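Following the numbering used here, the numbering of the sequence shown begins with 251 at its first residue and continues without gaps.
Here is the structure we will look at, set down as structure tokens.
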Amino acid sequence: MKIKLLKLLKSKGFILIFILIITLPLFQDSTKIFNDKILNEKRAQTPSPTYTKDKPLSKYFSEKEKYFSDNFGFREYFIRLSNYIDVNIFNTSPNKDVVLGKDDYLYSSEELNDYNKTNTLSDEDIDKIADNLVTLQQNLEDRGINFTFAVAPNKSTIYPEYMNTSKSNPKGESNLEKLEKRIQEKSINYIDYKKLMEENKDKYDLYYKRDTHWNNVAATLAGEELIKTIGASYDLGEFTINPSDVRKEFNQGDLDDMLGLKTPGLETTCSPNIKPPMNKLPKTLVYHDSFYNAVLPMLDGLFVQRMDMHNFKAPFHSNFGQFSENTEIVVFEVVERYLTMLVDYDFNIFNDDINSLKDYNATKLNLDIKDDTNKVTSKDIAFYPYKDYYSFSSLSKEASITFDVDHKRLNYVQLEFKDVQRFEHLSLTFADANGEFKEKQMANFMINPKKTSYLIEIKEPIDITKLKLTFGSKSNVDLNLKEINIISCPDK
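And the structure:
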């Protein structure tokens, strides 16, 4: 009898547990007793639909189904459980942006091209980045400002041994390896953080296992190297910056968060031991990403003034003119996996140098659109001629000026302004030998305050018959133009 009773309770118990499991989400959805918002989902959840008489019933039920699928009770706990099983039992990442490594290491999938040395930048793009850095460094030095460039290496660059797969192109060169060669050849002021981390990886753990970033130990070493480098031109006096009280503490990593897991683990950290120098560094502008978030705060007391700006959210061209007064040092730091973003990065807020094109053929356009002999048409433009420049104002979103141009090969367009008051987007469109304007025959660019000379390179040179200048697709754009020159390569 006792055995039969136990079997009955056992079978009924399973049924009760099953019923409890399937009814709990409905109970939570209607009562909201528990806080079940535990995931960091970077999206808005589906709102609850409202039924109206003019809405088909089928559409309402479809929207209700989507709402329930996105909001049923304990949904995020079930997702986390599923993710935990995927990661810890099946060793599979539920998020394509996260790569599972060995010994609990996680990596960002953004590092894979650098790690595998595949899909790397062309030599032309690497040269373009290096040349832009050289130009920036020279422009700053001409103004008495010291420039330093730094790259924070990817975790997989310093700890490739914890990746689950071998490099697919081990004999290739990564973007950083290619760029570092150009940096050395062109004498660009550079902090070699890759070398610094490789020299210290046997002494310390330098990157969080379950986060994309280096830890406080690496940040302290990076801070010391930064001050040593930019302080070399100044009489700072002796100083100390080194990791102290290296220890393990629980930390929640961003990659772990992206997997939908909340599993804080013991990670290496430290307290920086800082003995500041007698003298402080002068005003400094630092353009950086999240790798410097742990570096810069510990160095606050070592500068007379320092302004920190995100290198992509508040890019160089957007604010240097505003903050550059009395600046003596500029630092630009970027993580290795974002080197590709420097190909089209606008460093040049200074006047473009056209001396290298002095042997090219140049044709100056007649900017006087009221000149009867001038073959030019304008649309929605107010025109004001002055002694040494011409002022144009756009009266609508369609404002443009079209110049007839002698049939010639176009390699560059040079624009010379009297002054530039604010940032404005402009575009140049070219008509080919048949007089047709085509979208691909277009050059978009932005003018910046304090920069008056612009050299626009045409990547695919063409023979043109017309050139159209469009005023940023908005009204009330004012341009004070001195010259527009059509430049072509000399005949060989």
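The beta-carbon is built from N, C-alpha and C at its ideal position, and this holds for glycine as well.
Everything numeric in this text was worked out from a predicted model, so none of it was measured.
In or out: residue i buried (at least 16 other Cβ within 10 Å) or exposed?
| i | result |
| --- | --- |
| Phe-582 | buried |
| Gly-323 | Only weak support exists for where Gly-323 lies, its pLDDT of 48 falling under 50; the value from the coordinates is given anyway. Result: buried. |
| Tyr-542 | buried |
| Ala-632 | exposed |
| Pro-403 | buried |
| Ile-560 | Note on identity: in this sequence residue 560 is His, with Ile being the wrong assignment. His-560 is exposed by the Cβ-count criterion. |
| Pro-740 | exposed |
Is the beta carbon of residue i sitting closer than 9 Å to the one on residue j?
| i | j | result |
| --- | --- | --- |
| Leu-615 | Glu-733 | yes |
| Thr-370 | Asn-425 | yes |
| Tyr-662 | Ile-599 | no |
| Lys-531 | Leu-552 | A small fix is needed here, since residue 531 is Leu in this sequence, not Lys. The answer is yes: Cβ separation under 9 Å. |
| Lys-688 | Glu-710 | no |
| Leu-456 | Trp-464 | yes |
| Phe-500 | Gly-515 | yes |
| Met-692 | Leu-705 | no |
| Ser-568 | Phe-673 | yes |
| Glu-648 | Asp-621 | no |
Between the options, which lies nearest to residue i when the distance is taken from Cα to Cα?
| i | options | result |
| --- | --- | --- |
| Ile-651 | Leu-729, Asp-353, Gln-671 | Leu-729 |
| Phe-399 | Asp-381, Thr-415, Arg-393 | Asp-381 |
| Phe-667 | Thr-462, Asn-735, Arg-659 | Asn-735 |
| Val-348 | Glu-423, Lys-459, Lys-451 | Lys-459 |
| Lys-637 | Ser-521, Met-528, Leu-617 | Leu-617 |
| Asn-414 | Ile-441, Gly-685, Asp-353 | Asp-353 |
| Glu-391 | Ile-579, Asn-726, Ser-725 | Ile-579 |
| Leu-592 | Pro-527, Asp-377, Tyr-355, Ser-628 | Asp-377 |
| Ser-418 | Ile-408, Leu-386, Lys-367, Ser-437 | Lys-367 |
| Lys-453 | Lys-421, Glu-435, Pro-493, Ser-483 | Pro-493 |
| Ala-683 | Leu-705, Ala-472, Lys-716, Tyr-704 | Lys-716 |
Could you have a look at residue i and say whether DSSP puts it in helix, strand or coil?
| i | result |
| --- | --- |
| Ile-599 | coil |
| Ala-469 | helix |
| Glu-586 | helix |
| Pro-547 | helix |
| Tyr-461 | Sequence check: residue 461 is Asp here, not Tyr. It is coil, neither helix nor strand. |
| Phe-489 | coil |
| Thr-720 | strand |
| Glu-517 | strand |
| Glu-575 | coil |
| Tyr-357 | strand |
| Phe-318 | Confidence at Phe-318 is low in this model, with a pLDDT of 49, below 50, so its placement is unreliable and the value that follows should be read with caution. Phe-318 falls in the helix class under three-state DSSP. |
| Phe-324 | Reliability of the predicted coordinates at Phe-324 is poor, the pLDDT of 49 falling under 50, and no value is obtained from them. |
| Tyr-639 | coil |
| Arg-393 | coil |
| Phe-667 | strand |
Tell me, please, which residues DSSP counts as bridged to residue i.
| i | result |
| --- | --- |
| Tyr-662 | Glu-707, Ile-737 |
| Met-696 | His-675 |
| Leu-535 | Met-557, Val-580 |
| Phe-653 | Val-626, Leu-717 |
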